[in-house]
Structures are given as C-alpha cells and as structure tokens.
Amino acid sequence: MSEYVAVLMFILAGAGIVLVTFFMARMLRPHNPYPQKDINYECAELPVGSSWIQFNNRFYIFALIFVIFDVEVIFLFPWAVAFGQLGLFALVEMVVFILILLFGLFYAWKKGVLKWV
Amino acid sequence: MTESADIGIVFWVLSFVILVSAFMVVSLKNIFHCALFLIMCLFSVAGIFVLLDAEFLAAAQVLIYVGAVAILMIFAIMLTSNLASRKIRQVNENVSVGVFVSVLFALASIILIAQTHIWHYKTDFTPVENSIVILGKYLMIQYVLPFEVVSILLLASLIGAIVLARKERS
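Protein chains in written order, with this note's numbering: chain A, 8 to 124; chain B, 301 to 470.
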C-alpha cells in the first residue's frame, strides 16, 4: 500500500503544478480583454468555422476494434503472470483464445474495415 | 493506526471526487465536458480499488474504462456533427418519480448495509499476496470454459460492431 503514496504524490503534484500556474498567471497578468483574444488562435489569420469540427467517421471503427483487443489484454495479463506455474496446457488454452479473436480480426480485414480509403 | 486513518482520509476524498464528478456528468450542458468528468469519476473509482488492495482491478478499470470506453465515448461525440459544441438540456422531466426511486434505493441500501458487518470490518485484514497469479491459475484451471466462452463473446461483439458500423457508413 505504501508504494501508492508515491503515486498519490505524483497525482497531487501534477494537479498542483497546473493549478498553481494558472493561479499565478491570473494574479500577475494585466486584465485587458478584447474580442480578438477570444478567437481560436492569434496568428493574424482569421479562422474559418468553429474549433469543434466533426472528425472522420473511420476513427470510430478502429476505436471499437481497439476496445475488444483491450479487453483481450486484460485476460492475457494474469495468464502471463501465472504462466511459470502452469505449463503447456495453459499455452494451448491461450492459443485457442487468441485464435478465436484472430478470426474476428481476419473478418475485419476481409470486410475491408482496416483499409483507410 | 495512523496508516488506516490516512487511508480513511484518502477514501473520503476519493468518494467526494467520485460523487462530484458523477453529478457533473448528469448536469453539465456540454456533453464533451460530461465525458471528461466521466473519465475523472472512473479514474477515482480505480483509486478506491487500489485502496482495497485490488491492484489488478484498478489496472483493468484504468485500461478498459478510462483508456477504452471513455475514449470511445469521446470519439462518438467528436464524430457526431456539431454535438460537442451544442448546449444540451439536462433536466430530469420526472423529478418526483426520480426522487421517489432515489429515496427508495437509498433506504434499501442503508437497510442492507446496516445488516452487514461492514462498519466494524476487521482493519488488520491482510490481502493475498500476488493475487494476479492466483487469478491466472483460477482462469486457466478451474474456469477454463468461461475463459474460452469470453473469447467467443468478444468475437461476437467485434463482428457485431463491424456490421453495425459498416451499415451506418454506406
């Protein structure tokens, strides 16, 4: 448990640096707002449209496939940690597990989902 | 018992963060900010898991819920046209029913918790060392069939996701 105190310290320090920086900047800067400061970037170039753009639809299917294989990783991890005490049978089980999921990847490949048109 | 007192403080802070961020999720007007607060809420839940010495569960929580599911939600928001910048109305239309159900649920929880011995739970309880090894052994020996069925389930959801997402595109 005590090793997580270090993690907690990192989280607190990370949040603290950002908060202190914003607070100091607010204390130090002069207060002079005008509309040009609110545009997305000040590069002497007027931006076209909003900064909330619609992203390409194709990202979504990759994200979906990623979630599936992320769950697979969760199952791989205890297997890998316990593998030294398990032997060949566990290897066969995991090969079956991965082969079944590989079929899904091949399905996606054959359907042309992985292709970035 | 100073250590347990410290853990108690961390627990209350985490619970406070979870409740506040969960309230933000259901009350903010920008759905993108709701998704960000959902990430904060799920991450704090991972912190609770760490407090309970369930490190694997905490890692799984961060990896799957924060790393994948919440990102998928943010993707879905960013991919839907103009949804991110639109102000949405988050008002419960059935306040009376909602309050009734909440009070009922809270009462049921309090009654159930009062019946257990959770408040005088032994604090000198020592968690199992190397619980991941034990988990892996159970997964490989005792629960082989559910383990393999999980891969079938994942395959089904993968194919289902592909079929749905492709139909939507064309």
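Every residue, glycine too, gets a C-beta built ideally from N, C-alpha and C. Only a predicted model underlies this, so the values are computations on that prediction, with no experimental measurement involved.
{"query": "Flag S451/B as yes if its beta-carbon sits less than 8 angstroms from any beta-carbon of chain A, otherwise no.", "result": "yes"}
{"query": "For a test of the three-state rule: what should DSSP assign to K122/A, helix, strand or coil?", "result": "coil"}
{"query": "Measuring CB to CB, does M440/B end up less than 8 angstroms from L93/A?", "result": "yes"}
{"query": "Answer with buried or exposed for I75/A, where buried requires no fewer than 16 other C-beta atoms within 10 angstroms of its C-beta.", "result": "buried"}
{"query": "Residues in the same chain with beta-carbon distance under 7 angstroms from I24/A, minus the five sequence neighbours each way, listed in chain order, please.", "result": "none"}
{"query": "Can you check which of these residues, F316/B, F447/B, I318/B, is closest to A97/A by C-alpha distance?", "result": "F447/B"}
{"query": "Taking any Cβ of chain A, which residues in the segment 319-339 of chain B have a Cβ under 9 angstroms from it, in chain order?", "result": "F332"}
{"query": "Determine which residues share a DSSP beta bridge with K387/B and list them.", "result": "N330/B"}
{"query": "Where does M34/A land, buried or exposed, given buried means 16+ other C-beta within 10 angstroms?", "result": "exposed"}
{"query": "Can you confirm whether the segment 394-404 of chain B touches the segment 348-355 of chain B when touching is taken to mean that 3 or more C-beta pairs between the two stretches lie within less than 8 angstroms?", "result": "no"}
{"query": "In chain order, what residues of the segment 41-53 of chain A put their CB closer than 7 angstroms to some CB of chain C?", "result": "Absent from the structure is chain C; the protein chains it does hold are A and B."}
{"query": "Can the beta-carbon of V450/B be found closer than 8 angstroms to that of F82/A?", "result": "yes"}
{"query": "Verify whether the separation of the beta carbon atoms of A506/B and Y67/A is less than 8 angstroms.", "result": "Within the shown structure, residues of chain B are numbered from 301 to 470, placing residue 506/B beyond reach of any answer."}
{"query": "Kindly indicate which three-state DSSP category G94/A falls into: helix, strand or coil?", "result": "coil"}
{"query": "Taking only beta-carbon positions, decide if F30/A is within less than 8 angstroms of chain B.", "result": "no"}
{"query": "By the criterion of Cβ-Cβ separation under 9 angstroms, what are the contact partners of E448/B in chain A?", "result": "E100, V103, F104, I107"}
{"query": "Do three or more CB pairs link the segment 357-367 of chain B to the segment 336-348 of chain B at distances below 8 angstroms?", "result": "yes"}
{"query": "Which residue's Cα is closest to the Cα of I388/B: S315/B, I462/B, H333/B?", "result": "H333/B"}
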